[in-house]
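Below is one structure, written out as structure tokens; comments come after it.
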Amino acid sequence: MPAAHSRSFRDGKTLAGELRAAMGRVGVLGVTYPDGYCDEFIAKYGKDGVPYPHILSILGEPRIRGHFFYNRMLQRIGPFLDYGCGTGDNIRQLLRDGFSREQITGFDLTWESINLGFDLYRDRDAIRALFVVNDMFPFGEETFDTVYSGSVIHVISDEDELCGYLNNAWRVLRPGGILFGSTLGLEDGDACAPCNQGPPRVMPRADLIRHLYAAGFTGPVLVTRPHEAHHPGDKKCVFEFCAKKVDK
Ligand SMILES: C[S@@+](CC[C@H](N)C(=O)[O-])C[C@H]1O[C@@H](n2cnc3c(N)ncnc32)[C@H](O)[C@@H]1O
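What follows is the structure, encoded as structure tokens:
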């Protein structure tokens, strides 16, 4: 059985190649690596693989930056939650863009991807305190002004888990709070070509809107962005969304 890092992605890329490319992009941001670090990094994460390999291709250039709500988000001053933060790339982007560090929390169910981010950016000591990990969602009602959900909805296959996820997002927002994020989807009418390696949930626009309303959100706005097709017949798109918890 080949080492995970030599296995091909379905579009011909390799894990080692993607890890190396991510180091290159992060290097442009000013991160430096000692001799031998690249080989050690690839050996470490190549051994067992990484939980969400396609996220590697946007490390260093996180999707949050291009989100239609992002510039308005940067003007907000209250507590911010990155719900399902993965490597923490979105959080680093917020810090680079001057968002107040004291207001930032990243939450995930495991340390796996967060640790990958620490090793890639070599910033564990600097930002470890911004992250919370737990298998139960630990935050109380009306804790945050803004919640971000980047590429999380499409990895949640279980319907009850998705409802719980969106209900939590609504519950922790203060009145007037905003949930924004992105997920892979399909324009209504498009069909997803059969593929056993894709994300487990690819919702049509109408379903995503229905889920947001069901969780209590109002005024959902969806913007469609192109998604890099991974195989012929791949008609997925990226939905950027934004929705509000009404003011009291
Ligand atoms: C594809 S990654 C995206 C990571 C990051 N948000 C980004 O934009 O790069 C999906 C992340 O969602 C997390 N996740 C999945 N289900 C979750 C849940 N129910 N609650 C919180 N996080 C969840 C996973 O652990 C993983 O880190």
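Counted the way numbering that gives the first Met the number 0 counts, the sequence shown spans residues 0 to 247.
Backbone N, C-alpha and C define an ideal beta-carbon position, used for all residues, glycine too.
For Y36, the three-state secondary structure derived from DSSP is helix. The beta-carbon distance between C241 and G184, rounded to whole angstroms, is 15 Å. This is too long to meet the 8 Å contact definition. DSSP places R121 outside any beta strand (DSSP E), giving it a letter other than H or E. Per DSSP, I103 is not a residue of any alpha helix (DSSP H); the beta strand (DSSP E) it occupies stretches across 103-107.
V220 and E39 have their alpha carbons spaced roughly 44 Å apart. Distance from the CA of C37 to the CA of A21, rounded to the nearest whole angstrom, comes to 11 Å.
With fewer than 16 other Cβ atoms inside 10 Å of its own Cβ, E227 counts as exposed. The DSSP assignment places 130-132, 143-149, 172-185 as complete runs of the beta strand (DSSP E) inside the region 112-185, in order along the chain (cut-off: 3 residues). C-alpha of Y51 to C-alpha of P137: approximately 23 Å in a straight line. By the Cβ neighbour-count rule, L119 is buried, with 16 or more other Cβ atoms within 10 Å of its own.
At a Cβ-Cβ threshold of 8 Å, V132 and D107 count as neighbours.
Between F130 and G176, the gap from beta carbon to beta carbon reaches 8 Å or more. One alpha carbon belongs to L93, the other to K46, and they sit about 31 Å apart. Counting along the chain, no alpha helix (DSSP H) covers R200, and no H or E run does either. Partner residues in the beta bridge of A242, as assigned by DSSP, are L178. Residue nearest to P225 within the set T217, S181, D246 is S181 (criterion: CA-CA distance). Relative to I103, the option among S112, G77, G163, R123 whose CA is nearest is G77.
Straight across, the Cα-Cα distance linking T109 with C162 is about 20 Å. By the Cβ rule, the region 18-32 counts as touching the region 119-128, because three or more pairs are nearer than 8 Å.
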